[in-house]
Amino acid sequence: MDLKLLVRDIPDFPKPGIMFRDITTLLSNPVGLRYTIDSLAEKTASLGLKADYIIGMESRGFIIGAPLAYKLSLGFIPVRKRGKLPGAVHSVEYDLEYGTDCLEVHQDALKPGCKVLIIDDLIATGGTASATAQLVQRIGCELVGFGFIIELKDLRGREVLPSVPIVSLIEY
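Numbering (the working numbering), first residue to last: 195 to 366.
Right, here's the structure in full:
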């Protein structure tokens, strides 16, 4: 299946000169969604990425990560923006092109030594995925890999990620 046919291109969003790759059209297609989850499961399994948990970042990482965790019989851990999780959290700040942001995970969500696979819809510059990896490693977990639906190759995001296997289903 050619997943690119299910991704809608929206020019000049969120600002002029940006081509936004919108996965909502893929998500609304039952066959495309099933194919996406099955493909991520098969590709991560074929690389031997044995994990205890899948982490998905707010918010599209939740949409892909939770059904993938179900498919692989793993736990799912959400990583959220600052102030969205109740209780004690681990946090990491990271740079954006226009400032900084912060990601958080519950302190009791992950135990040192557990194995984690990070999943998101898209990798561009790699900032969010890299920050999530830092958070996971700071807790003492083993990062086994990354999985993305879309990789924007020209933005070279994979170059800022730790040296672990990276799966992407679509490349632009």
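Backbone N, C-alpha and C fix where the C-beta goes; we use that ideal spot for every residue, glycine too.
Being a predicted model, the structure only gives us computed values, none of them experimental.
How do the stretch 275–292 and the stretch 231–245 stand: do at least 3 beta-carbon pairs fall below 8 Å, yes or no? no
Count the other CB atoms, across all protein chains shown, that sit within 10 Å of the CB of Tyr247; report buried if there are 16 or more and exposed otherwise. buried
Give me the Cβ distance between Ile249 and Thr326, rounded to the nearest whole Å; I'm assuming they're in contact under 8 Å. That belief holds up - the Cβ atoms of Ile249 and Thr326 are roughly 6 Å apart, short of 8 Å.
For Asp196, does the three-state DSSP call read helix, strand or coil? coil
Classify Arg350 as helix, strand or coil using the three-state DSSP reduction. coil
Going by other Cβ atoms of all chains shown within 10 Å of its Cβ, with 16 needed for buried, is Gly307 buried or exposed? exposed
Span of the beta strand (DSSP E), counted from its first residue to its last, around Phe270: 269–275
Starting from Ile257, follow the beta strand (DSSP E) in both directions and report where the run begins and ends. Careful: Ile257 lies outside any beta strand (DSSP E), inside the alpha helix (DSSP H) at 254–266.
Name the DSSP bridge partner or partners of Cys296? Glu287
Tell me, to the nearest whole angstrom, how far the beta carbon of Lys237 is from that of Val338; I am working on the premise that it is less than 8 Å. At roughly 13 Å, the Cβ-Cβ gap does not stay under 8 Å, so Lys237 and Val338 are not in contact.
What whole-angstrom Cβ distance do Asp315 and Ile344 have, given they're in contact under 8 Å? Confirmed, about 7 Å.
One or two residues paired with Ser362 in a DSSP bridge: Phe342
Got a sec? Which residues, its chain only, sit under 6 Å from Leu349 by beta carbon, not counting five neighbours each side? Here the set comprises Ala318, Thr319.
Which of helix, strand or coil does DSSP assign to Leu183? Here the chain comprises residues numbered 195 to 366, so residue 183 is not present and cannot be evaluated.
Determine, for Asp246, whether the minimum Cβ-Cβ distance to residues of chain C falls below 8 Å. Reference to chain C is not applicable here, since this structure consists of a single protein chain.
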